[in-house]
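Just so you know, we're using my numbering here: the sequence shown kicks off at -16 and counts up by one.
Here is the structure we will look at.
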Amino acid sequence: MEDYKDQETVLLAVDCIIFGFDKKNLKILLIKRDFEPEKGHWSLMGGFLKRNETLDDAAIRVLNHLTGLENVYMEQLRAYSALDRDPVERTVSVSYYALIDIPEHSALNGRFSAKWFNINEAPDLIFDHNVMVANAMSRLRYRASTKPIGFELLPEKFTMKQLQTLYETILGEKLDKRNFINKINALDILLKTEEKDMKSSRKGSYFYMFDQVKYNTKVSDGFTFKL
């Protein structure tokens, strides 16, 4: 069998775009790079693939090592292979994006100076990380319109107003309240609780929950999520 000893070596990395929602704003988690090149500049969280792991394993490891976060929604985005994307070594990077509810994951590993930024106020990033974020936002907008991944950014119980605010921040546009509520109710995948958020108004707003079991059953019957 032909061996690979004469082949060139290329490094393979993973970079994680971490989106969060704090009930008002869509945010992105960035770190201060602590080594050259670009030391001290803002960066996505990343690391190199090890011989004994898959790309998914590497992304989960990097996310956990740099933030302490685990068991969060994560999806592979795409690969980046521009010849000059890393000034040190020829490196191909595969990006992932993750979705978390910020209040539920408030304790972050401060060792790497991780900080949340509103998505439209984030600083410029190193290398091609700005492009990665832009691509991740495009994917998030598409996914949020065709699958119920938006609920990954919300607490277990949420108000209809919080849900609408989330979709407005993801889509980058104001939504008509009545039309939005009608669309959500037509999907029939939420469970209305008897509890109310009394901070939102004098009458309060009912809390809802995403019904995963009902959604799975509807999908098996041919249901398509669309907002």
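By construction, the Cβ of each residue, glycine as well, lies at the ideal position given by its N, Cα and C atoms.
Predicted, not measured: the structure shown is a model, and the values here were computed from it.
Member of the options whose CA lies at the smallest distance from the CA of residue i
i       : options                          : result
Pro20   : Asp204, Pro70 and Lys186         : Pro70
Ile109  : Lys7, Phe18, Thr207 and Gln(-10) : Phe18
Pro86   : Lys6, Ser188, Lys179 and Ala169  : Lys6
Leu149  : Ala105, Leu137 and Asp159        : Leu137
Arg126  : Trp99, Glu(-9), Thr207 and Arg44 : Thr207
Phe247  : Asn103, Lys140 and Ile167        : Residue numbering for the chain in the displayed model covers -16 to 210; residue 247 lies beyond these limits and cannot be assessed.
Val(-7) : His112, Arg68 and Lys186         : Arg68
Local conformation of residue i per DSSP, three classes
i       : result
Met115  : helix
Leu82   : strand
Gly133  : helix
Val45   : helix
Asp(-2) : strand
Leu12   : strand
Phe208  : coil
Glu151  : helix
Residues bridged to residue i [DSSP beta-bridge criterion]
i      : result
Phe141 : Tyr191
Glu58  : Tyr80
Tyr224 : Lying outside -16 to 210, the shown extent of the chain, residue 224 is not represented and no answer is given.
Ser203 : Ser203 pairs with nothing; no bridge assigned.
Ile167 : The partner list for Ile167 (beta bridge, DSSP) is empty, contrary to what the question assumes.
Phe31  : Ala(-4)
Leu173 : Phe193
Residues of its chain near residue i, where Cβ-Cβ distance is below 6 Å and the 5 sequence neighbours each way are ignored
i       : result
Leu173  : Tyr191
Leu(-5) : Leu32 and Val75
Tyr189  : Lys175 and Lys179
Contact set for residue i: own chain, Cβ-Cβ below 8 Å, skip 5 residues either direction
i      : result
Ser296 : Residue 296 lies beyond the stretch modelled for the chain, which goes from -16 to 210, so this question has no answer here.
Lys144 : Ser183 and Ser188
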